[in-house]
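Engineer: Residue numbers (this note's numbering): 1 to 179.
All C-beta atoms in this analysis are idealised placements derived from N, C-alpha and C, irrespective of residue type, glycine included.
Just so we're clear, the structure is a prediction, and the values are computed from it rather than from any experiment.
Before I ask anything, let me first share the structure, which is written out below as structure tokens.
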């Protein structure tokens, strides 16, 4: 199914789950759904400014979020209120599930930040991932998560960076399917 039609844009509710609990829930506009990748556009849903040191998310920022049903990650393109690209925030997740108007994604703690200029790609929250106990509770999922993070880092540091992944629908991915 494609959301690119003359019809009115479809609203979806993105539900981010972490350790079995809903971490955040927010509304967005379904931009596309090709059966494998779901793309949603949503404004920054946090309260006020969130300064990570390497990037600030703030009111007016717009996230174009790409979720896969067969991949262990989500890639979120972040633009400021004027439309300037800040970069890509990547969450390592279980494959996304779209049911009706609800898109559920389970966050596995690992993240990657890729600034707009492609320099200084950062692996994030590896300590949280280690402390989560996933490696003991679900070793196959933990291995898929680490593989996905490694893959995204390679893609982010390639000449075209994450742009090629998003333009091609992610055809280069190896971290897909059930481990």
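Return the CA-CA distance between residue 36 and residue 74, expressed in angstroms with no decimal places.
Structural biologist: Numbered from 1 along the chain shown, position 36 holds the residue referred to as residue 36. Numbered from 1 along the chain shown, position 74 holds the residue referred to as residue 74. Approximately 12 angstroms between the Cα atoms of the pair.
Engineer: Assuming residue 106 and residue 14 make a contact with CB atoms under 8 angstroms, what is their CB distance in whole Å?
Structural biologist: In the chain shown, counting from the first residue as 1, residue 106 sits at position 106. In the chain shown, counting from the first residue as 1, residue 14 sits at position 14. Actually they do not touch by this definition, with Cβ atoms about 12 angstroms apart.
Engineer: If we count the other Cβ atoms within 10 Å of its Cβ and call it buried at 16 or more, is residue 182 buried or exposed?
Structural biologist: The first residue shown for the chain is 1 and the last is 179, placing residue 182 beyond what the model contains.
Engineer: Between which two residues does the alpha helix (DSSP H) carrying residue 148 extend?
Structural biologist: Your numbering for residue 148 matches position 148 in the chain shown. That run of the alpha helix (DSSP H) goes 139–157.
Engineer: Quick one, are the C-beta atoms of residue 112 and residue 124 less than 9 angstroms apart?
Structural biologist: Reading the chain shown from its first residue, position 112 is the one you call residue 112. Reading the chain shown from its first residue, position 124 is the one you call residue 124. For residue 112 and residue 124, yes; Cβs fall inside 9 angstroms.
Engineer: Inspect the beta-carbon positions of residue 161 and residue 54 and report whether they are closer than 9 angstroms.
Structural biologist: Translated into positions along the chain shown, residue 161 becomes position 161. Translated into positions along the chain shown, residue 54 becomes position 54. In this structure, residue 54 does not lie closer than 9 angstroms to residue 161 by Cβ.
Engineer: Distance check for residue 72 and residue 10, CA to CA, integer angstroms please.
Structural biologist: As a position in the chain shown, residue 10 is number 10, starting the count at 1. As a position in the chain shown, residue 72 is number 72, starting the count at 1. Each residue's alpha carbon lies about 25 angstroms from the other.
Engineer: Would you decide whether residue 19 is buried or exposed? Buried here means 16 or more other CB atoms lie within 10 Å of its CB.
Structural biologist: As a first step, residue 19 is located in the chain shown; it is residue number 19 there, counting from the start. The residue in question, residue 19, is exposed, as its Cβ has fewer than 16 Cβ neighbours within 10 Å.
Engineer: For residue 92, is the beta carbon positioned less than 8 angstroms from some heavy atom of the ligand ATP?
Structural biologist: Of the ligands one can find in the structure shown there are none, so the ligand ATP has no counterpart to examine.
Engineer: Run through the segment 63–103 for me and flag every whole beta strand (DSSP E) of 3 or more residues, listed as ranges in chain order.
Structural biologist: Whole beta strand (DSSP E) segments, 3+ residues: 73–79, 85–93, 97–99.
Engineer: Put residue 34 into one of helix, strand or coil per three-state DSSP.
Structural biologist: The count along the chain shown starts at 1 and reaches residue 34 at position 34. Of the three classes helix, strand and coil, the one that applies to residue 34 here is coil, per DSSP.
Engineer: On a Cα-Cα basis, can you pick out the residue from 50, 47, 104, 12 that is closest to residue 21?
Structural biologist: Indexing the chain shown from 1 puts residue 21 at position 21. Selected option, being the one with the closest Cα: 104.
Engineer: Where do the ends of the alpha helix (DSSP H) carrying residue 58 lie?
Structural biologist: Taking the first residue of the chain shown as position 1, residue 58 is located at position 58. Here residue 58 belongs to no alpha helix (DSSP H), and DSSP marks it neither H nor E.
Engineer: Inspect the beta-carbon positions of residue 27 and residue 44 and report whether they are closer than 9 angstroms.
Structural biologist: For the purposes of this step, residue 27 is taken as the residue at position 27 of the chain shown. For the purposes of this step, residue 44 is taken as the residue at position 44 of the chain shown. Taking 9 angstroms as the Cβ cut-off, residue 27 and residue 44 do not qualify as a contacting pair.
Engineer: To the nearest angstrom, how far is it from the Cα of residue 95 to the Cα of residue 132?
Structural biologist: Sequence index remark: in the chain shown, residue 95 carries index 95 (1-based). Sequence index remark: in the chain shown, residue 132 carries index 132 (1-based). Taking the straight line joining both Cα atoms gives about 18 angstroms.
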